Every structure is written in structure tokens, then in C-alpha cells.
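Report on the structure given below.
Number of protein chains: 2
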Amino acid sequence: MSPDTQTHSLPVVRTIAELQDRLAGWRAAGARIGFVPTMGALHNGHLSLVGLAAEHADKVVVSIFVNPAQFAPHEDLDAYPRTEKEDAEKLAKHAADLIFAPNAKEMYPEGDDLSVHVEGLSEGLESDTRPHFFGGVAAVVTKLFHAVEPDVAVFGEKDYQQLLVVKKLVSDLGLAIEIVAGPTGREADGLAMSSRNAYLSANERKQAPQLFAAITEVAQQIKDGASIAEARDAGLAILQDAGFDPIDYLEVRDAESLAPIDAAVRPARVLVAAKLGTTRLIDNIALEV
Amino acid sequence: MSPDTQTHSLPVVRTIAELQDRLAGWRAAGARIGFVPTMGALHNGHLSLVGLAAEHADKVVVSIFVNPAQFAPHEDLDAYPRTEKEDAEKLAKHAADLIFAPNAKEMYPEGDDLSVHVEGLSEGLESDTRPHFFGGVAAVVTKLFHAVEPDVAVFGEKDYQQLLVVKKLVSDLGLAIEIVAGPTGREADGLAMSSRNAYLSANERKQAPQLFAAITEVAQQIKDGASIAEARDAGLAILQDAGFDPIDYLEVRDAESLAPIDAAVRPARVLVAAKLGTTRLIDNIALEV
Numbered sequence: 248m249s250p251d252t253q254t255h256s257l258p259v260v261r262t263i264a265e266l267q268d269r270l271a272g273w274r275a276a277g278a279r280i281g282f283v284p285t286m287g288a289l290h291n292g293h294l295s296l297v298g299l300a301a302e303h304a305d306k307v308v309v310s311i312f313v314n315p316a317q318f319a320p321h322e323d324l325d326a327y328p329r330t331e332k333e334d335a336e337k338l339a340k341h342a343a344d345l346i347f348a349p350n351a352k353e354m355y356p357e358g359d360d361l362s363v364h365v366e367g368l369s370e371g372l373e374s375d376t377r378p379h380f381f382g383g384v385a386a387v388v389t390k391l392f393h394a395v396e397p398d399v400a401v402f403g404e405k406d407y408q409q410l411l412v413v414k415k416l417v418s419d420l421g422l423a424i425e426i427v428a429g430p431t432g433r434e435a436d437g438l439a440m441s442s443r444n445a446y447l448s449a450n451e452r453k454q455a456p457q458l459f460a461a462i463t464e465v466a467q468q469i470k471d472g473a474s475i476a477e478a479r480d481a482g483l484a485i486l487q488d489a490g491f492d493p494i495d496y497l498e499v500r501d502a503e504s505l506a507p508i509d510a511a512v513r514p515a516r517v518l519v520a521a522k523l524g525t526t527r528l529i530d531n532i533a534l535e536v
Numbered sequence: 248m249s250p251d252t253q254t255h256s257l258p259v260v261r262t263i264a265e266l267q268d269r270l271a272g273w274r275a276a277g278a279r280i281g282f283v284p285t286m287g288a289l290h291n292g293h294l295s296l297v298g299l300a301a302e303h304a305d306k307v308v309v310s311i312f313v314n315p316a317q318f319a320p321h322e323d324l325d326a327y328p329r330t331e332k333e334d335a336e337k338l339a340k341h342a343a344d345l346i347f348a349p350n351a352k353e354m355y356p357e358g359d360d361l362s363v364h365v366e367g368l369s370e371g372l373e374s375d376t377r378p379h380f381f382g383g384v385a386a387v388v389t390k391l392f393h394a395v396e397p398d399v400a401v402f403g404e405k406d407y408q409q410l411l412v413v414k415k416l417v418s419d420l421g422l423a424i425e426i427v428a429g430p431t432g433r434e435a436d437g438l439a440m441s442s443r444n445a446y447l448s449a450n451e452r453k454q455a456p457q458l459f460a461a462i463t464e465v466a467q468q469i470k471d472g473a474s475i476a477e478a479r480d481a482g483l484a485i486l487q488d489a490g491f492d493p494i495d496y497l498e499v500r501d502a503e504s505l506a507p508i509d510a511a512v513r514p515a516r517v518l519v520a521a522k523l524g525t526t527r528l529i530d531n532i533a534l535e536v
């Protein structure tokens, strides 16, 4: 089929019942189901996750749902970019087989009263700034997992704390779902791809890659023998020079537990979140020692 | 088979893998699976729930798991009665087909870090005294539902707030499980059956039925035209005379939302929790108006 025909043939289902009808047919044919949950506003970072899912599964379901439960009242729920038509066109060209795009009423027929917490991993870092976030994420992911019942699901390393929360959730609930981590997609200048990059002014966009530069510098200094405190100070200086304010956190943590560490003697992760103007950006990289 | 043979033939599985092996065979044969989660120390109240499950299903799985996550450090986790051999004998005579009795390591291989919250229903009443309770209950119930994947599950009205939390959880997660409510089993003198009744001294046991007497009086006075405040005062007097101390709550609430109400114009529930000596007892009854 031509890309155009594909564009028009990628089905979008709006209800869990329709979704499960489609899935039942695929399962009966023995297909392994892959799943990529998104909030839409898709960029190449998302599309690489879809490609990764296709490597691990026969059929790939992509959900597009801007989950109200993970936004606090003052956050950007209403402003969050919604571009479903463009998203569907991109997905049709990238190995997706089905879009599940429910509305809030379908996902939360009786209100979004449910929250799921993973002690330890859900705390600190993102939770300090966004206390509602992981309760809402874990609840909607649990719900989507029940709706899709995938064999494999792909989550991006860009949201590293979320990735660990989801892995622990699957383990704690005993779900038979393989979680595959997708590497962070980056622009040529290093900026991590994010739907929120669209909010940046031209000038902010020029400064934004310093977020990646800062965590790269922290990792490099530690590898070169600096203490975590010294390396962190160097990273903070880069962020301040670039105009990030406030800097919510710039931390070196254990790569599995996200516990604070004194020295990088095991695999660690450098994680950052900071605002440039009104836009909050996050990023992280591995620190192998 | 004689009851004795049945006693010895009721299988007990310890792992989720063994459980799912057994269930797969039943499912393949088209059996509808019923489920009754318990913490063991079974009494006739539990056994009536098992009977109810058998009315709604072809095969009945009973879990026996004293869930550490729903006990606070100062509560009676270690002292909670464990009588598995007697439990198995009782279940063999009461329509159960399989016992699932995992240890904490099987249920929480990586620690009990998960908690599930249902906003509104999880708050107040039991949560005021036991803030850990519903997070732990909802997490273990979610986990057990994933392990058993029952078609129908039976919960007792004795734990009324828990029953509503579980119903909302199933609805919010979109699980295809029918929740059946089992009426509270009572001793001849009205005392609600509970594993914790075993803690009562002979003298406390004589006073304990006043818990039921108090909520019955509250319901009756409201039916006779008293205000909720008047009726509640009469109920509190009965509890105080019987030596209950402290009285954690004696409340008339909306039967569905558990919201506080000014007048019983819709189905309501009278709920009570109070201590007699060191033993905390709860009970509740319907108030139809």
C-alpha cells in the first residue's frame, strides 16, 4: 500500500469494548501484542518507541490519552498540545496497527478517583514538584494495561523515574507484561525530544540543549574522578548560565532504586528538571562506572 | 466421597504459577471461576461467602493470606490468628475447590511497596484509625485479582467500606469481575462473626453484642422519625454503657458514597467501630427509608 492509503487505513478506536474486539481477533491469530502509551503530540522520540514495539511484537497498539489524573490543577492540562490527525498520519507510517484514543469519560466513567503508589520510587525528584504525578500515571497505566493486555509495552527512558515506577508496578501486580525501555530521542544539538519543546521561544530553544550539556558534564566529571558534589556544582553552573530557573533538581541517583548515593560505585543515573521561561523540561542519562 | 476424603483432597497451592496451572485447566473446560479472598481464621461468616461464591460460579478459589500491607506496625499482624489446617478442613466441607495460600515472599517478592487509593471512599471511617488499611487492601486485592482472574468475587458486608472500595477499584480499573456482597454472618445474640472475636474475654464477649444493638437502635430511631444526631446519641449511650472505649466512630452515611448526610432520604448505612478492652470490633447495617 502507498503511504497515503496507509494513512487512511490506520484504525482509531474510542472505546475499550471496540479495542478488545480488535485485539481478540489478533490474539486468536496468535499475534503478540505490543503497546506504546502516549499523550499524543507525537515526535520522533515517540515514533522510535513504536518502532521498538514492532521489533518485539506482531501488532502494535498506540494509545493517545491526555490523562487528567497526572496533571495538578495549575499545570498545563488544557494547554497540552493535541494533534490527533497529525499523530494518526505519523503512526500510519511507523509500524503502528491501531490507535486507542479514548476520551476522559471512557477512561474514568466514575471520575478519576484511583491512584496507585509505589513507595520509594514514586517519591522525590518529579514528585517533589508534581506530587499528583505518579499516582495518576500508575493508575492510568494500570488501567490501560487492563484494557490492552499487551505482551510487551515500551516506555521511554526520557521519563526515567516513570519507567522505573511502571516496571515496579508490573512486578508488584504480577502482570505478565514485558517492559522494554526506549532510548531518549534527541535533536541534533542534544535536546531531548519532548512535546513540551513546542512551548519554547526561539531564544529559549537555543538555550535548551544546555540541559543535556549539564548532565553530560556531571557524568563526565564523575568518570574523571570528581566527587558527586563537585560534579553537581559544575552542572548547576551550566544550567544557571543558560537561564534555567528554577532548577527543580539535578541529582545523581542509583540507577535502579533512585536512592541518593555518595559515590557512583554501581550504575547510576544523572537526572535533571528545570524551567526555561514557563516551560519545564526534564532529561537524564546513564552513568556507567 | 466421605467428608473425610474430601478434607484430604482439597488442594492447597502456594505459588501463583501453580494456581494459574490449575485455573487454566478449569477455564479450558469452560468453568466460571469464583473467588473469596480471606485472611484465614475462618468462621461461619466466611463459609457463607464461599457458599455464595459457589452459587455464582463452577469452581471456587479461596485465598488465605494475612496481608502485611494492611496492618500498621503497632497492629496485630503477628498475633492475628493463623489456623490453616482447620481452615482447610472447613473449606473442604463447604464447596471450595482450591486454596491459594501464598507466603508474603510469593505475594511481595520485592517488598510491599505498592498501595492503591480510591479517593473519597478510602477516606474517613476506618482510615481515620487505620490510615494504612485501604491502600494495602486495594493493592493486595488488585494483585489477587490478577493472580486468580476470577469471573466473580465475593466480599462480606461486614467490611462495608472495604466492599465499596473494592467495587470502585474494579470499576475504575475496568476489570471484568462481578463483585457479589455477602450478608454479615451473626451469632445468635447478634454479634457479627469476626476472627477477632477470639480475642474477647468471657466478660467482653457478653458485652460485645451491644455493638449490634447500638446500630440497630440508631436505625430504628431514625425510621421512627428521630434526627440522625438524636439517634446517634442513643447509640453512643448504649456503647458507653457496655464499656466500649474508645468509640472510633458511630456514623450514618450514604450507602453508596459513604458521604456524611444530614437526613436519611436515600439508602444509608449505620457504621460503627469501637474497642472492647484491647479488641477493636466493627459492624454496620443497612438503613432503608
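If you're matching them up, the sequences are chains A and B in order. My numbering numbers the first residue of the first sequence as 248 and each following residue consecutively. My numbering numbers the first residue of the second sequence as 248 and each following residue consecutively. Backbone N, C-alpha and C define an ideal beta-carbon position, used for all residues, glycine too. Note that the structure is a prediction, hence the values are computed from the model and not measured.
- For B:His-393, the chain A residues whose Cβ falls inside 8 Å of its Cβ are Leu-420, Gly-421, Leu-422, in order along the chain.
- Counting only unbroken stretches of 3 or more residues, the beta strand (DSSP E) elements lying wholly within the segment 262-314 of chain A are 280-285, 306-311, in sequence order.
- Sorting B:Ser-295, B:His-303, B:Ala-288, B:Ile-263 by C-alpha distance to the C-alpha of B:Arg-279 places B:His-303 at the top.
- Secondary structure at B:His-364: strand, using DSSP grouped into helix, strand and coil.
- At a cut-off of 8 Å between beta carbons, B:Gly-367 contacts chain A.
- Residue burial is scored here from C-beta neighbours: A:Asn-350 has fewer than 16 other C-beta atoms within 10 angstroms and is therefore classed as exposed.
- In this model, A:Asn-314 and A:Gly-281 are separated by some 20 Å (Cα to Cα).
- The beta strand (DSSP E) runs lying completely inside the segment 482-523 of chain B and spanning 3 residues or more are 494-501, 515-523, given in chain order.
- Shortest Cα-Cα distance from B:Gln-454 to any of B:Glu-477, B:Thr-526, B:Thr-285, B:Leu-294 involves B:Thr-526.
- In the pairwise beta carbon analysis, the segment 262-277 of chain B is classified as not touching the segment 402-417 of chain A: fewer than three pairs are separated by under 8 Å.
- Contact between A:Asp-359 and B:Asp-360 is ruled out by a C-beta separation of about 22 Å, above the 8 Å threshold.
- Residues of chain A with a Cβ closer than 9 Å to the Cβ of B:Glu-357 are, in chain order, Lys-415, Ser-418, Asp-419.
- For B:Lys-390, the residues of chain A that pass the 8 Å Cβ criterion are Asp-419, Leu-420, Gly-421, in the order they occur in the chain.
- Partner residues in a beta bridge of B:Asn-444, as assigned by DSSP, do not exist.
- Within the segment 497-518 of chain B, no residue has its Cβ closer than 9 Å to any Cβ of chain A.
- By the rule that beta-carbons nearer than 8 Å mark a contact, B:Ile-263 touches chain A.
- Chain A places a beta carbon closer than 8 Å to that of B:His-364, counting this residue as a contact.
- Contact between the segment 292-302 of chain B and the segment 339-348 of chain B is established, with three or more Cβ pairs separated by less than 8 Å.
- Pairing A:Ala-439 with A:Ala-533, the inter-Cα distance amounts to about 14 Å.
- With a threshold of 8 Å between beta carbons, A:Asp-360 makes contact with chain B.
- Counting along the chain, B:Glu-331 sits inside the alpha helix (DSSP H) bounded by residues 331-339.
- In this structure, B:Phe-392 sits near B:Ile-424, with a CB-CB distance shorter than 8 Å.
- Under the rule that a run must span 4 or more residues, the alpha helix (DSSP H) segments found entirely inside the segment 399-462 of chain B read 407-420, 449-454.
- For the options A:Lys-337, A:Ile-462, A:Ala-288, the alpha carbon positioned closest to that of A:Leu-518 is the one of A:Ile-462.
- Counting along the chain, the unbroken beta strand (DSSP E) around B:Phe-347 starts and ends at 345-347.
- Our two residues, A:Val-365 and A:Val-283, have alpha carbons roughly 21 Å apart in a direct line.
- Burial is judged here by how many other beta carbons sit within 10 angstroms of a residue's own beta carbon; A:Gly-482 has at least 16 and is buried.
- Taking each of A:Asp-501, A:Glu-464, A:Leu-422 in turn and checking the Cα distance to B:Thr-389, the smallest one comes out for A:Leu-422.
- Ranked by Cα distance from A:Gly-292, the options A:Lys-337, A:Ser-362, A:Leu-372 are led by A:Lys-337.
- Residue environment analysis places B:Pro-397 among the buried positions, since at least 16 neighbouring C-beta atoms fall within 10 angstroms of its C-beta.
- Taking a contact as a CB-CB distance under 8 Å, the pair B:Val-536 and B:Ala-511 counts as one, their CB atoms being some 5 Å apart.
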